[in-house]
Amino acid sequence: MATALVIENDPTDDPRRLGEWLTEAGLELTVLRPHAGDELPETLDDYLALIVLGGDQNAYPDADGTPGAPWFPALEGLLRKAVRHRVPTLGVCLGGQLLANAHGGLVERSTSGPEIGPGLVGKRDAADTDPLFKWVPLLPDVIQWHRDEITELPLRAVLLAASSRYPHQAFRLGDRAWGLQFHIECDTAMVEQWAASDRATIDELGYDAEAVVFAIADILPDVEEVWQPFVARFASLALGTLPDADIPDAGAGRTLPLLGQ
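Residue numbers for the sequence shown follow the UniProt record's numbering, so the first one is 1 and each next one is one higher.
This is the structure:
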């Protein structure tokens, strides 16, 4: 059976609908929960894909150098191996921040404040040649729940989606690794749990918790309409059955012009 490795960083952010979409697309999931003591593997030799989920931790270390979670250094090492060996990889929210951090990007507490609730992100031109994003609509619905942001992408990352307050909403590294700042995996029960546990942030924004839950629940069909096919394409890429998986000049990034040109 084709198996994908899923890293659950926080018990409140399990694979949920993302897991259902992956299994429907033909991938069996091995879910590791390092927050509960599961050990991370040394390599990804036994897996066709890597998915790293969100969580309440910070992707960056504390002032004294303590990582946001004890397993983050090992997880970042695994993310580097995934990109190096072209293992299809998807990082969601914290997972996307860890992917960026592991490759020289910068994640910080956002000066724009928390972002919570339903939202829209805008595709960038580079998405037109991306095997996953080129079929995503121009302004897809997403779910936001974060107060940190990727302030600098890794040097060779390709920006795929942005928003006015948070410019780095989605990116790709190489031709097999994607990071999302937003959530796509949530269902109503998950959002209700987040609203109950993160009431202080909701109050800070002046929002009504029930209104936030209702607003997110209202867009879940639209989120599924966009992101279930996206996840199916990711699974197809991992299975080796995606017909248009090649990316022209993947990860080339900017180069200096020749002298005099």
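C-beta atoms are modelled at their ideal positions from N, C-alpha and C, and glycine is treated no differently.
A quick note: this is a predicted structure, and the numbers were derived from the prediction, not measured.
Measure the beta-carbon distance from residue i to residue j and round it to whole angstroms, keeping in mind my assumption that it falls under 8 Å.
| i | j | result |
| --- | --- | --- |
| leucine 50 | leucine 5 | 5 Å |
| arginine 176 | proline 88 | 5 Å |
| histidine 85 | glutamate 115 | With 8 Å as the limit, histidine 85 and glutamate 115 do not qualify as a contact, their Cβ atoms being about 33 Å apart. |
| glutamine 97 | alanine 59 | 4 Å |
For residue i, count neighbouring C-beta atoms within 10 Å of its own C-beta (all shown protein chains included) and say buried if the count is 16 or more, exposed if not.
| i | result |
| --- | --- |
| leucine 155 | exposed |
| arginine 109 | exposed |
| tryptophan 227 | buried |
| leucine 40 | exposed |
| alanine 157 | buried |
| proline 243 | exposed |
| proline 73 | exposed |
| proline 70 | exposed |
| aspartate 64 | exposed |
| alanine 161 | buried |
In whole angstroms, what separates the C-alpha of residue i from that of residue j?
| i | j | result |
| --- | --- | --- |
| phenylalanine 234 | isoleucine 150 | 23 Å |
| aspartate 62 | alanine 102 | 16 Å |
| valine 231 | arginine 172 | 15 Å |
| aspartate 45 | glycine 206 | 47 Å |
| aspartate 10 | threonine 201 | 18 Å |
| glutamate 152 | alanine 2 | 34 Å |
| isoleucine 143 | proline 67 | 26 Å |
| alanine 195 | proline 221 | 20 Å |
| isoleucine 7 | glycine 240 | 22 Å |
| tyrosine 47 | leucine 139 | 32 Å |
| isoleucine 216 | leucine 29 | 26 Å |
| leucine 53 | arginine 33 | 10 Å |
| phenylalanine 133 | alanine 127 | 5 Å |
| glutamate 42 | aspartate 125 | 36 Å |
Confirm the yes/no value for this check: CB of residue i, any heavy atom of the ligand PLP, distance under 7 Å.
| i | result |
| --- | --- |
| proline 221 | Absence of the ligand PLP is noted for the structure shown, with no ligands found whatsoever. |
The region 162-176 / the region 207-222 touching (three or more Cβ pairs under 8 Å): no
Segments assigned beta strand (DSSP E), at least 3 residues, entirely inside the region 163-197: Here the runs fully enclosed are 170-173 and 177-180.
Runs of beta strand (DSSP E) wholly within the region 202-231 (minimum 3 residues, chain order): none
Inside the region 91-158 only - alpha helix (DSSP H) runs reaching at least 4 residues: 94-102
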